[in-house]
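K.L.:
What follows is a single structure, and I will ask about it in a moment.
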Amino acid sequence: MTNTDDSPETDFDPRPVTDSELREEYTREQVQRWRDQADEAHQGWFSVLDNQYGKD
């Protein structure tokens, strides 16, 4: 059986780049900013969960 453009690849890696390539492309400061932003968004969800509006 031949591999055509329509058939799925069995060794497909969904990650577009490796971790080492990302380390070369982005600084630690940028990655830390992303982590901080993700933490803030996560805390925002907790504040929504703790909201008592409509629970009484």
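My numbering applies: residue -13 is where the sequence shown begins, and numbers increase by one.
Heads up, the beta-carbon is just placed ideally off N, CA and C, and yes, glycines get one too.
Predicted, not measured: the structure shown is a model, and the values here were computed from it.
What's the C-alpha gap between glutamate 26 and leucine 35?
P.N.:
Here residue 26 is taken as the residue at index 40 of the sequence shown, counted from 1. Here residue 35 is taken as the residue at index 49 of the sequence shown, counted from 1. Pairing glutamate 26 with leucine 35, the inter-Cα distance amounts to about 14 Å.
K.L.:
For a test of the three-state rule: what should DSSP assign to phenylalanine -2, helix, strand or coil?
P.N.:
Sequence index remark: in the sequence shown, residue -2 carries index 12 (1-based). Phenylalanine -2 falls in the coil class under three-state DSSP.
K.L.:
Can you name, in chain order, every residue of its own chain whose Cβ lies under 8 Å from the Cβ of aspartate -3, other than the five neighbours on each side?
P.N.:
For this step, residue -3 is matched to residue 11 along the sequence shown. Here the set comprises nothing.
K.L.:
For a test of the three-state rule: what should DSSP assign to valine 17, helix, strand or coil?
P.N.:
Against the sequence shown, residue 17 aligns to sequence position 31. Helix, per DSSP.
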